[in-house]
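Residue numbers (our numbering): 5 to 516.
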Amino acid sequence: MKKPLLTVLPGGESRAFDEGTLLLDACADMGMVLRTPCGGKGFCGKCAIEARGDLSEPLELEPRLTGGVPGMRLACRAQMRGDVTVKRAPVFAAGRGRVSVPPAGHGLGLAVDIGTTSIQISLADLASGETQALASFMNPQRRYGHDVVSRIAASTDPEAGRALVSLLRGSIFSAVADTLVQAGIPPARIEHMVCAGNTTMTYFFAGLDVKPLGAFPYTAAHRDFAAIEIPDARAFGAGARIEALPVASAYLGGDLVGGLALLDGQGHRRGVFFIDLGTNGEMFLRTPSGDIFAASCAMGPALEGMNISHGMTADEGALTHVHMNANVPSCEVMGGGEPVGISGTGLIDAVSIMRGSGMIGASGAFARTGGKETFRIVSHNGISAVRICGNVIITQKDIRSLQLAKGASLAGANILLKEAGCAVGEIGQVFIAGAFGENLSIDHFKRLSFIPLFPRAVYSFSGNTSLAAAARACVDPAFMARTRELRDAARVVELSTHPEFNDEFVRCLDFS
Numbered sequence: 005m006k007k008p009l010l011t012v013l014p015g016g017e018s019r020a021f022d023e024g025t026l027l028l029d030a031c032a033d034m035g036m037v038l039r040t041p042c043g044g045k046g047f048c049g050k051c052a053i054e055a056r057g058d059l060s061e062p063l064e065l066e067p068r069l070t071g072g073v074p075g076m077r078l079a080c081r082a083q084m085r086g087d088v089t090v091k092r093a094p095v096f097a098a099g100r101g102r103v104s105v106p107p108a109g110h111g112l113g114l115a116v117d118i119g120t121t122s123i124q125i126s127l128a129d130l131a132s133g134e135t136q137a138l139a140s141f142m143n144p145q146r147r148y149g150h151d152v153v154s155r156i157a158a159s160t161d162p163e164a165g166r167a168l169v170s171l172l173r174g175s176i177f178s179a180v181a182d183t184l185v186q187a188g189i190p191p192a193r194i195e196h197m198v199c200a201g202n203t204t205m206t207y208f209f210a211g212l213d214v215k216p217l218g219a220f221p222y223t224a225a226h227r228d229f230a231a232i233e234i235p236d237a238r239a240f241g242a243g244a245r246i247e248a249l250p251v252a253s254a255y256l257g258g259d260l261v262g263g264l265a266l267l268d269g270q271g272h273r274r275g276v277f278f279i280d281l282g283t284n285g286e287m288f289l290r291t292p293s294g295d296i297f298a299a300s301c302a303m304g305p306a307l308e309g310m311n312i313s314h315g316m317t318a319d320e321g322a323l324t325h326v327h328m329n330a331n332v333p334s335c336e337v338m339g340g341g342e343p344v345g346i347s348g349t350g351l352i353d354a355v356s357i358m359r360g361s362g363m364i365g366a367s368g369a370f371a372r373t374g375g376k377e378t379f380r381i382v383s384h385n386g387i388s389a390v391r392i393c394g395n396v397i398i399t400q401k402d403i404r405s406l407q408l409a410k411g412a413s414l415a416g417a418n419i420l421l422k423e424a425g426c427a428v429g430e431i432g433q434v435f436i437a438g439a440f441g442e443n444l445s446i447d448h449f450k451r452l453s454f455i456p457l458f459p460r461a462v463y464s465f466s467g468n469t470s471l472a473a474a475a476r477a478c479v480d481p482a483f484m485a486r487t488r489e490l491r492d493a494a495r496v497v498e499l500s501t502h503p504e505f506n507d508e509f510v511r512c513l514d515f516s
């Protein structure tokens, strides 16, 4: 039986797919990067694409989200029934503006933060050292699972393993090529590319076998990536170098090592605690005497808006903050207007406010009596939920997902402090990094106790240190050498095999 063909215009490239394949997945397989800040749940409308042919009938919500424009479909909802033709969509520029063209004669570099949930790319001028945002999009590997453990398990099937590599590489190089062409920059000007990510993402990008990372004793045989050969990079300049920041272990990647090097020397007379919040929580502790301890814990994708009923990344339409004034909640929405979903920072704010009012107890469960009803309780698909703003709701399951992230983070930090023999009072500087950067409310973060309370510390936001470190390494060879030195100096605390972690994790689940 003939399989449906997907044809991409302009260019006319075609490929056959199984009947019922989501248009979003088919486009990803053909290197098309589509915006999916809601994770493909179908409520943000950002993946709308011009598509004609034999597709499943539009769902009731599609006309509203696509503006009723004929031929526009939500790629995350439309399924291929027969042959389909789509028009290539413009790549989402991370800076939401035009890319400035560096002066002729200046070599260019690329910095790539390969996150488990999302990917961010910056363009670097190798002569001036200046960087600018180039593209940001969801990691297309998520169809194989939202966390690295699921993707490692999927890779045991040879076909899926190859797909995980090609999806990741294809999305990055397609986004780069399309954005550069839109800006009028020849890809041949690219001379250097540096990637940073957790160890699993780095291995996938480098085309290495990830299975040993997910099986005892969880070893990373390759820790340095000075020369990565990728056929997709043929359009770059002759002799263009592709490398990745070094990793420390199976669960401590270049994103953590990059942050360690980027913040090297800051707060040197005081203890320093650093945490990079995301699907994984990477953290390091530098004692007042200069010893470095590092660890990583699986937090799940809740902070990046995934596995949350109306969760989405911090994109246009995302509810990013919740405030309480005279017992009346108000919300901040990225780009203004009504919210279409809620980001990780908005989720933290809302749950913290509910906890402070007694609407939820220390266990995270909705209080049956005694709590002040801060938000309106509604029924959502037969279960209790609270309406935060507009049509955005949070369910008990969403709170549990946030609780699991919080429990893992706090447990990991507590064990790191214990292994280092360091008291909370010895920490003078706390750096919080991650995709949401300065959008995070430190007061709500503290109330939910994602990390220990450091009474003498100054709390600072560091932004996306993974991307910043990759950009620094792209323009400064000495920085790459420094990452290796600090990686070798750090003592890795393996939480996955630590005898106290599970008990500590359970103890840390409460919002106490």
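Heads up, the beta-carbon is just placed ideally off N, CA and C, and yes, glycines get one too.
Just so it is clear, the structure is predicted and the values come from calculations on it, not from any experiment.
Which listed residue (Ile-397, Gly-368, Ala-366, Phe-240) has its alpha carbon closest to that of Ile-381: The residue you call residue 381 lines up with position 377 of the sequence shown. Nearest C-alpha to Ile-381: Ile-397.
Determine the extent of the alpha helix (DSSP H) in which Val-355 is found, giving its start and end residues. Locating residue 355 in the sequence shown gives position 351, counting from the first residue. Element bounds for Val-355: 348 to 361.
Here's the rule I'm using: 16 or more other beta-carbon atoms within 10 Å means buried, otherwise exposed. How should Ile-535 be labelled? The chain is shown from 5 up to 516; residue 535 falls before or after that span and cannot be answered.
Consult DSSP for Ile-446 and reduce its assignment to one of helix, strand or coil. If you number the sequence shown from 1, residue 446 lands on position 442. It is helical.
Is DSSP giving Pro-106 helix, strand or coil here? Within the sequence shown, numbered from 1, the residue matching residue 106 stands at position 102. Pro-106 falls in the coil class under three-state DSSP.
So Gly-315 and Leu-351 are in contact, right, with Cβ under 8 angstroms, and what is the actual spacing, rounded? The residue labelled residue 315 in the question sits at position 311 within the sequence shown. The residue labelled residue 351 in the question sits at position 347 within the sequence shown. That pair is a contact at about 7 angstroms.
Is it a yes or a no for the stretch 319 to 334 touching the stretch 414 to 424, going by three-plus beta-carbon pairs under 8 angstroms? no
Could you name each continuous beta strand (DSSP E) segment of 3 residues or more that falls completely within the stretch 249 to 289, going from the start of the chain to the end? 275 to 281
Measure how close the beta-carbons of Ser-2 and Ala-306 come, nearest whole angstrom, since I'm counting them as under 8 angstroms. Look at the range of the chain in this structure, 5 to 516, and you will see that residue 2 is not part of it.
Using a Cβ-Cβ cutoff of less than 7 angstroms, which residues in the same chain neighbour Leu-217 once the five nearest sequence positions on both sides are dropped? Indexing the sequence shown from 1 puts residue 217 at position 213. For Leu-217, where only same-chain residues beyond five positions count, the Cβ hits under 7 angstroms are Ile-156, Thr-203, Thr-204, Tyr-207, Ala-224, Ala-254.
Please return the same chain residues whose Cβ sits closer than 6 angstroms to the Cβ of Glu-66, not counting the five positions on each side in sequence. Position 62 of the sequence shown, counting from 1, holds the residue named residue 66. Answer for Glu-66: Leu-78, listed in chain order.
CA-CA distance, Gly-86 and Pro-74? Numbered from 1 along the sequence shown, position 82 holds the residue referred to as residue 86. Numbered from 1 along the sequence shown, position 70 holds the residue referred to as residue 74. Cα to Cα, Gly-86 sits roughly 19 angstroms from Pro-74.
Residues near Ala-475 in its chain [Cβ-Cβ closer than 6 angstroms; skip 5 each side]: Locating residue 475 in the sequence shown gives position 471, counting from the first residue. Within the same chain, Ala-475 has close Cβ partners Ala-115, Ser-126, Ala-128, Thr-135.
Does His-150 pass the burial test, meaning 16 or more other C-beta atoms within 10 Å, or should it be called exposed? For the purposes of this step, residue 150 is identified with residue 146 of the sequence shown, where counting begins at 1. His-150 comes out buried.
Answer yes or no: do Arg-53 and Leu-38 have a C-beta to C-beta separation smaller than 8 angstroms? In the sequence shown, counting from the first residue as 1, residue 53 sits at position 49. In the sequence shown, counting from the first residue as 1, residue 38 sits at position 34. Residue 53 is actually Ile in this sequence, not Arg. Yes, Cβ-Cβ distance for Ile-53 and Leu-38 is below 8 angstroms.
Which residues in the same chain as Ala-230 place their Cβ atom closer than 8 angstroms to its Cβ, once the five residues preceding and following it in sequence are excluded? Within the sequence shown, numbered from 1, the residue matching residue 230 stands at position 226. Only Glu-247 meet the Cβ criterion.
Whole-Å CB distance - Ala-409 paired with Met-303, under 8 angstroms assumed: Stepping through the sequence shown from its first residue, residue 409 is reached at position 405. Stepping through the sequence shown from its first residue, residue 303 is reached at position 299. Yes, they are in contact, since the Cβ atoms of Ala-409 and Met-303 sit about 4 angstroms apart, within 8 angstroms.
Taking the beta carbon of Met-310 as the centre, do at least 16 other beta carbons fall within 10 Å, making it buried, or is it exposed? Within the sequence shown, residue 310 is the residue found at index 306, counting from 1. Label assigned to Met-310: buried.
Return the CA-CA distance between Cys-512 and Leu-63, expressed in angstroms with no decimal places. The residue given as residue 512 occupies position 508 in the sequence shown. The residue given as residue 63 occupies position 59 in the sequence shown. Approximately 42 angstroms between the Cα atoms of the pair.
Skipping 5 residues on each side, what residues in its chain have a beta carbon closer than 7 angstroms to that of Gly-188? Translated into the one-based positions of the sequence shown, residue 188 becomes position 184. Excluding positions up to five away in sequence, the list reads Val-105.
Grouping DSSP H, G and I as helix and E and B as strand, with all else coil, what is Ala-302? Working through the sequence shown from its first residue, we reach residue 302 at position 298. Residue state, collapsed to three classes: strand.
So Ile-156 is in the alpha helix (DSSP H); what residue range does that whole segment cover? Here the question's residue 156 lines up with position 152 in the sequence shown. Residues 152 to 158.
With DSSP collapsed to three states, give me the class of Asn-329. Counting from 1 along the sequence shown, the entry for residue 329 is found at position 325. Asn-329 falls in the strand class under three-state DSSP.
Going by CA-CA distance only, name the one from Ser-300, Ala-237, Leu-13 that's closest to Gly-113. For the purposes of this step, residue 113 is identified with residue 109 of the sequence shown, where counting begins at 1. When each option's Cα is compared against that of Gly-113, the closest is Ala-237.
Test item: CB-CB of Pro-190 and Leu-171 under 8 angstroms: Counting from one through the sequence shown, the residue named residue 190 turns up at place 186. Counting from one through the sequence shown, the residue named residue 171 turns up at place 167. Cβ atoms of Pro-190 and Leu-171: not closer than 8 angstroms.
Is Gly-218 helix, strand or coil by DSSP? Working through the sequence shown from its first residue, we reach residue 218 at position 214. DSSP places Gly-218 in helix when its eight states are reduced to three.
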